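Asker: Can you read through this structure? Questions will come right after.
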Amino acid sequence: MHQLTIRELAKGLRDKTFSSVELTQHYLDRIQQLDPAYNSFITVTAEEALNQAKAADERIAQGDDSVLCGIPMAHKDIFCTDGVKTSCGSKMLDNFVPPYNATVVENFNRLGAVSLGKTNMDEFAMGSTNESSFYGAVKNPWDTSRVPGGSSGGSAAAVAALLTPAATATDTGGSIRQPASLCGVTGLKPTYGRVSRWGMIAFASSLDQGGPIARNAEDCAIMMQAMASFDKKDSTCMDHPIEDYSALLDKPLEGLRIGVPKEYFGEGLNSDVASTIQAAIKQFETMGATIKEITLPHNSLAVPAYYVIAPAECSANLSRFDGVRYGYRCENPADLMDLYKRSRSEGFGEEVKRRILVGTYALSAGYYDAYYSKAQKVRRLIKQDFMNAFEEVDVIMGPTATSTAFELGSLNTDPVSMYLEDIYTTATNLAGLPGISIPCGFVNGLPVGLQVTANYWREGQLLNLAHQYQQQTDFHRQTAPNVA
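With the first letter of the sequence shown counted as 1, position 401 gets the number 401 in full-length UniProt numbering; the numbers rise by one all the way through.
Here it is in structure tokens:
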């Protein structure tokens with residue numbers, strides 16, 4: 001059953017080939033047996049999942065035809081879940097059990113989906129390797145000595161290991177697309193404001209966006225249909241018409257104009273990865289698309305601008321974790337100041353503390369204009385580069401990551417090199433655009449992801465071209481070694 005897509009599982013449920021309870025138990029058994037090797041889950045909610053599955057079977061018996069009714073899935077541990085620990089991968093929230101559901105979680109519950117549990121992640125979504133989690137590093141199913149990418153590495157690894165058909169994730173600077181690339185799955189980062197952030201623990205409020213990770217574009221379309229919604233509780237959520245993403249999948253690609261930025265194929269990109277990406281782009285040409293070289297002149301400034309803006313916003317957002325209201329509290333504080341200092345120094349990990357310090361510095365008097373204000377001006381230039389490009393092309397293609405999955409621990413002492421892993425993804429977040437990563441080949445047995453970026457609100461277009469590509473290739477169907 002775990003080899004089936006969401007669409008195939010939904011058909012099996014309605015044909016009574018198996019029940020949701022049987023399907024859910026099958027995935028729970030796989031998680032128990034296989035996840036110790038991957039560490040992709042923080043919390044497994046077996047009892048709650050089986051209760052949801054039983055309720056879904058009753059709904060299906062009464063004629064519920066929702067594609068997601070009875071389908072098991074998982075949530076990144078950044079989405080609040082009523083009565084279930086939501087840790088954000090941090091010691092700071094190791095004891096936090098929310099009294100409410102995030103809007104995204106509520107959307108899936110309303111459709112009858114079954115939550116298997118909460119997936120591992122970089123602490124407070126800060127990292128590109130999923131090694132900063134308080135609960136230990138996640139391992140890549142393709143090679144457990146290598147990283148799965150981050151911060152949504154737990155969601156990507158769980159899907160790649162066939163422990164869940166799909167999972168929710170979040171993307172602040174590439175945290176859906178980069179792990180999707182390294183784990184050989186499909187990940188969609190929607191337009192900023194397309195998916196509600198209410199109940200999604202904030203890292204950088206102007207950049208964070210929830211989205212789906214699944215094995216193929218069709219499943220991502222199904223997940224996206226549930227995740228996209230206007231939410232009055234989220235002031236950054238946009239009231240924009242929602243497309244029928246599944247209905248758009250079969251549209252031919254004739255006349256599609258693809259832009260390939262020359263900046264994406266310069267120094268730092270692995271040559272074998274570059275060849276694989278170029279072959280994938282060539283495949284689109286055989287499907288009726290036209291290819292044009294374009295330029296994104298400020299792309300090289302995306303990483304430095306991002307690593308000023310994101311830490312600044314993280315510094316503000318994480319100031320609420322003070323040991324007083326909720327979360328970790330140090331033992332026997334001498335006074336209030338000692339409570340603040342020790343609760344935060346003991347509760348946060350090294351990467352989070354590093355970014356809080358950088359962000360606080362960038363926002364401090366005397367440095368705001370020199371760093372934060374200048375980074376926001378660069379952000380505007382990056383957005384304008386994309387707008388200029390979209391006057392000539394429909395989508396932009398290139399690599400998702402500079403290389404395939406690298407070894408665990410290899411960048412732990414070099415944070416700058418780790419930050420540069422986001423060189424192809426951060427610009428999309430700074431501009432608020434939608435992007436997708438799809439499997440497009442292998443280098444030395446490890447997956448390579450093709451990144452596609454579109455204009456605002458064009459998630460349907462991204463899913464369409466990804467689906468059409470996946471009808472012509474089988475990279476997304478291949479599974480990691482030892483994943484039966």
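Where a beta carbon is used, it is the ideal one built from N, C-alpha and C, also for glycine.
Computed from a predicted model, the values in this text were never measured in an experiment.
1) For Gly255 and Thr43, what's the separation of their Cα atoms in angstroms?
2) Classify Arg197 as helix, strand or coil using the three-state DSSP reduction.
3) Just reading off the beta strand (DSSP E) that Gln3 is part of, what are its end residues?
4) When DSSP labels each residue in this structure, what does Glu254 get in the three-state scheme?
5) Express the C-alpha separation of Glu351 and Leu68 in angstroms, rounding to a whole number.
6) Using 8 Å as the threshold, is the stretch 3-16 in touch with the stretch 57-72, meaning 3 or more CB pairs across them?
7) Determine which residues share a DSSP beta bridge with Gln451 and list them.
8) CB-CB under 7 Å to Tyr326, same chain, minus the five flanking residues each way: which ones, in chain order?
9) Quick one: give me the first and last residue of the alpha helix (DSSP H) that Asp272 is part of.
10) State yes or no: is the C-beta of residue 555 within less than 8 Å of the C-beta of Gly323?
11) How big is the Cα-Cα spacing for Pro212 and Glu346?
12) Hey, could you find the ends of the beta strand (DSSP E) Thr72 is sitting in?
13) What first and last residue would you give for the alpha helix (DSSP H) that runs through Pro415?
14) What residues match up with Lys118 in a beta bridge as DSSP calls it?
15) Between which two residues does the beta strand (DSSP E) harbouring Lys292 extend?
16) Going along the chain, which residues of its own chain have a beta-carbon closer than 7 Å to the beta-carbon of Leu34, five neighbours each way excluded?
17) Please report the Cβ distance between Gln209 and Val195, rounded to the nearest whole angstrom; I am assuming they are in contact, meaning their Cβ atoms lie under 8 Å.
18) Along the chain, where does the alpha helix (DSSP H) containing Leu462 start, and where does it finish?
19) How is Thr103 classed by DSSP in three states: helix, strand or coil?
20) Contact between the stretch 179-193 and the stretch 435-445 is defined here as three or more beta-carbon pairs at a separation below 8 Å; is this criterion met?
21) Would you call the stretch 183-194 in contact with the stretch 143-158, where contact means no fewer than 3 C-beta pairs closer than 8 Å?
22) Quick one: using the 10 Å Cβ neighbour count with 16 as the cut-off for buried, is Ser145 buried or exposed?
23) Provide the residue span of the beta strand (DSSP E) that contains residue 485, from first to last.
24) Does Asn444 pass the burial test, meaning 16 or more other C-beta atoms within 10 Å, or should it be called exposed?
25) From Val104 to Ser115, what does the alpha carbon distance come to, in whole angstroms?
26) Measuring straight from C-alpha to C-alpha, what distance separates Leu188 and Ile242?
27) Using DSSP bridges, identify the partner residues of Ala228.
28) Below 8 Å between beta carbons: does that hold for Ser128 and Met387?
29) By the three-class DSSP mapping on this structure, what secondary structure does Leu93 have?
30) Less than 8 Å between the beta carbons of Met200 and Gly154, yes or no?
31) Return the Cβ separation of Gly359 and Cys330 in integer angstroms, given the expectation that the two are a contact with Cβ distance under 8 Å.
32) Any contact of the stretch 387-396 with the stretch 283-300, i.e. 3+ C-beta pairs under 8 Å?
33) Please report the distance separating the alpha-carbon of Leu253 from that of Ala247.
34) Identify, in the order they occur along the chain, each residue of the same chain with its Cβ nearer than 8 Å to the Cβ of Ile281, setting aside the five sequence neighbours on each side.
35) Return helix, strand or coil for Phe442, following the three-state DSSP convention.
36) Give me the Cβ distance between Ala310 and Gly173, rounded to the nearest whole Å; I'm assuming they're in contact under 8 Å.
Answerer: Taking the definition as stated:
1) Distance between the alpha carbons of Gly255 and Thr43: 46 Å.
2) Residue state, collapsed to three classes: coil.
3) Under the DSSP assignment, Gln3 falls outside any beta strand (DSSP E); it carries neither an H nor an E label.
4) Looking at Glu254 - three-state DSSP - the assignment turns out to be coil, as it is neither helix nor strand.
5) Those two C-alpha atoms are separated by around 37 Å.
6) These segments touch.
7) Bridge partners of Gln451: Gly398 and Ser437.
8) These residues qualify, in order along the chain: Phe96.
9) Residues Ser271 to Thr286.
10) The chain is shown from 1 up to 484; residue 555 falls before or after that span and cannot be answered.
11) The straight-line gap from Cα to Cα measures roughly 32 Å.
12) Before going on, a small fix: residue 72 reads as Pro here, not Thr. Under the DSSP assignment, Pro72 falls in the beta strand (DSSP E) whose first and last residues are Pro72 to Lys76.
13) It spans Pro415 to Leu420 - the alpha helix (DSSP H) in which Pro415 sits, taken as one unbroken run.
14) The partner list for Lys118 (beta bridge, DSSP) reads Thr43 and His75.
15) Here the beta strand (DSSP E) through Lys292 covers Thr290 to Ile294.
16) Excluding residues up to 5 positions away in sequence, Ala161 and Leu163 lie with their Cβ nearer than 7 Å to the Cβ of Leu34 in the same chain.
17) Under the criterion of beta carbons closer than 8 Å, Gln209 and Val195 qualify as touching, at roughly 6 Å.
18) Annotation: the continuous alpha helix (DSSP H) that includes Leu462 extends over Glu459 to Gln472.
19) Collapsing the DSSP output to three states places Thr103 in a helix.
20) Output reads yes: the stretch 435-445 touches the stretch 179-193.
21) Yes, since at least three Cβ pairs between the stretch 183-194 and the stretch 143-158 fall closer than 8 Å, the two stretches touch.
22) So Ser145 ends up on the exposed side.
23) One cannot answer for residue 485 here, as it falls past the ends of the chain, which runs 1 to 484.
24) Under this definition Asn444 is an exposed residue.
25) Cα-Cα distance, rounded: 12 Å.
26) C-alpha separation (whole angstroms): 15 Å.
27) For Ala228, DSSP records a beta bridge to Val195.
28) For the pair Ser128 and Met387, the CB atoms are not nearer than the 8 Å cut-off.
29) Residue state, collapsed to three classes: helix.
30) The answer is no: Cβ separation not under 8 Å.
31) About 23 Å separates the two Cβ atoms, so there is no contact after all.
32) Flag = yes, the stretch 387-396 and the stretch 283-300 touch.
33) For Leu253 and Ala247, the gap between their C-alpha atoms comes out near 15 Å.
34) Here the set comprises Ile258, Val260, Ile291, Met397 and Leu450.
35) Three-state result, Phe442: strand.
36) Contact flag correct, Cβ pair sits at about 6 Å.
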